[in-house]
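Below: the structure, in structure tokens.
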Amino acid sequence: MRFEGAAPEVMIRGLDRIRAELGIPTGFPPDVVAAAEKAAARPIGSAHVDRTGRRFLTLDPASSIDLDQAFDVEVAGDDIVLHYAIADVGWFVRPGDPLDVEAFERGVTVYLPDQRSTLYPTVLSEGAASLLPDVDRPAVVFTVRVDPAGHPHLDGAERAIIRSRAKLAYGTVVPGDLPDGFAELYRRITAAEVERGAPRVEFPEQEIEQHGDGSFALTFRPRAEAEEQNASMSLATNMAVGAALYAAGTGLFRVMPDVDDRRHRRLRHSAKAFGLDWADGVSLDAFERSLPRDDPRTSAFLMAVRRAAGGASYAPFDADERPWHSAVAATYAQATAPLRRLQDRYVVEAALAVADGTPVGDDIAAAFDVLPAAMAAADNRANRAERQALEL
């Protein structure tokens, strides 16, 4: 579905106004650029073990070059082992340095159709820290064991040197490009979601495209199966990391409350208003999974569900309350997008310490108390920018 939009010059002026009103930066201060260039030249040290023998691959949109994740899969008896390599942003960015201070101000990469406001300078996010193919890169490799029931467990985490063998794209990847066990890994993770009653269903996204001639169009983009498969690997890793951090009594978690009875009743009215048939006795998660993905009414209903749950946020470890994410139906931390999301870098560092059996650093533990507010402000700014761009 496509709708042609405003004239290019109107859009550009409007997008510039959005950036100015919301305080979205278009560049970096000189000291941050200098720090990024110095960090990019830092040699990979002895702290990283050599894992270049593994056949890591990346799977992303074709145009992406800020590559956070690479993966390799192996079958180990009844289990499937996911080796999930994450860009080692903590190797380049140190707590309190200019890159860290600037990242706290930004929080997330903000995507607008004409340009991005990146979390880190592109010499890092699209260069030295990005897991681009055919070059050695520092990474944090999470080893996640997935049993036949689809339950993930964090077997280990280590700093490593990796070399991605190929940059695969959602729209062109074929099964022969992927390692043995990949399809079964996806099946297990998806089956476990259904068993948990997790309503994590992704539907077509409303996006603004900029064409080569400078014009813009509003589209609904269906998610490719490869995109779902990639998301499942992140999900398994983040669940395994979240469980390990919680067991160690530390961490920062992504949380979202369940939909209460009153809001549940309102959602039934919303479904009826959208012309969606929600039969009596069918749970919310089962109803969500039954909806057609290519129907804009489905996207509208999913947005209503997210609003009914009150939205997702971040919470540090609390011994009196286990963190819960209703869309995942599990304890969940985010560790797989450190090039684009500030808090992931701190979660990765904590997971490394926990996997090694050492205490989490004081600077990392202290950050968990202030990151929820920083991330809330950043997410709010990014969401407002996206909404205003769609309205424009």
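Following the numbering used here, the numbering of the sequence shown begins with -15 at its first residue and continues without gaps.
Yeah, the Cβ is synthetic: ideal placement off N, Cα and C, and Gly gets one too.
Remember, it's a predicted structure, so these values are computed and weren't measured experimentally.
Query                                                                                                                   : Result
Residue from ASP279, GLY341 and LEU83 whose Cα sits closest to the Cα of ALA231                                         : GLY341
Beta strand (DSSP E) runs contained entirely in the segment 295 to 331, provided each spans 3 or more residues          : 297 to 300
Contact belief for TYR154 with ALA208 at Cβ below 8 Å, rounded distance in angstroms                                    : 5 Å
Cα-Cα separation, MET(-15) to GLU370                                                                                    : At MET(-15), the pLDDT of 46 sits below 50, so the modelled position is not reliable; the number obtained from the coordinates is stated separately. Their Cα atoms are separated by approximately 19 Å.
Residue burial classification, ASP289 (beta-carbon count within 10 angstroms, cutoff 16)                                : The residue you asked about is not Asp; residue 289 is Val in the sequence shown. By the 10 Å Cβ count, VAL289 comes out buried.
Residue interval of the alpha helix (DSSP H) (run including GLN372)                                                     : 346 to 375
Through-space distance from GLY(-2) to ARG277, alpha-carbon basis                                                       : 31 Å
Residues that DSSP places opposite TYR95 in a beta bridge                                                               : ARG100
Contacting residues, own chain, Cβ-Cβ under 8 Å from THR315 (five flanking each side not counted)                       : MET223, GLY226, ALA227, TYR230, PHE237, ARG306, PRO307, TRP308 and HIS309
CB contact flag (ALA303, GLY235, <9 Å)                                                                                  : no
As assigned by DSSP and simplified to three states, the class of VAL130                                                 : strand
Own chain partners of ASP363 with C-beta closer than 8 Å, once the 5 adjacent residues on each side are dropped         : GLY91 and VAL92
Neighbour-count burial assignment, HIS253, 16 or more Cβ in a 10 Å radius                                               : exposed
Limits of the unbroken beta strand (DSSP E) element including ALA292                                                    : Note, ALA292: premise wrong, no beta strand (DSSP E); alpha helix (DSSP H) at 280 to 292.
Helix, strand or coil at PHE40 [DSSP, three-state]                                                                      : strand
Same chain, Cβ closer than 7 Å to SER297, five either side skipped, listed in chain order                               : VAL239, PRO356 and ALA360
Separation of ASP34 from ALA284, as counted between CA atoms                                                            : 47 Å
Residue environment, LEU374, which counts as buried when at least 16 other CB atoms sit within 10 Å                     : exposed
The segment 97 to 110 contacting the segment 0 to 14, beta-carbon criterion three pairs below 8 Å                       : yes
Close Cβ partners of ARG329 (< 7 Å) along its chain, the five nearest in sequence each way excluded                     : VAL73, GLY74, VAL77 and PRO322
Start-end ranges of the alpha helix (DSSP H) lying completely within the segment -13 to 71, minimum 4 residues          : -8 to 6 and 14 to 24
6 Å CB neighbourhood of GLY198 in its chain, flanking five on each side removed                                         : PRO(-8)
Contacting residues, own chain, Cβ-Cβ under 7 Å from TRP262 (five flanking each side not counted)                       : ARG252, ALA255 and PHE271
Selection from ARG250, ALA317, SER274 and VAL344 that minimises the alpha carbon distance to ARG291                     : ARG250
ARG252, enclosing alpha helix (DSSP H) - first and last residue                                                         : 245 to 257
Cross-strand partners of PHE200 (DSSP beta bridge)                                                                      : GLN194
Residues of its chain near PRO105, where Cβ-Cβ distance is below 6 Å and the 5 sequence neighbours each way are ignored : PHE12, VAL17 and ALA20
CA-to-CA distance, ARG365 to LEU138, given in whole angstroms                                                           : 33 Å
Touch test, the segment 64 to 72 against the segment 47 to 54, Cβ-Cβ under 8 Å, three pairs minimum                     : yes
Identity of the residues DSSP links to ASP120 by a beta bridge                                                          : ARG147
Among ARG273, SER114, GLY140 and VAL107, the one whose alpha carbon lies nearest that of LYS151                         : SER114
For PRO280 and MET287, the rounded distance between their alpha carbons                                                 : 11 Å
According to DSSP, residues forming a beta bridge with VAL378                                                           : The displayed coordinates of the chain run from -15 to 376. Any statement about residue 378 would go beyond what the structure contains.
Which listed residue (ALA23, ASP44, PRO14 and PRO27) has its alpha carbon closest to that of GLN213                     : ASP44
Outcome for GLY259 when other beta-carbon atoms lying within 10 angstroms are tallied against a minimum of 16           : exposed
Counted within 10 angstroms of its Cβ, other Cβ atoms place ASN367 as buried (16 or more) or exposed                    : exposed
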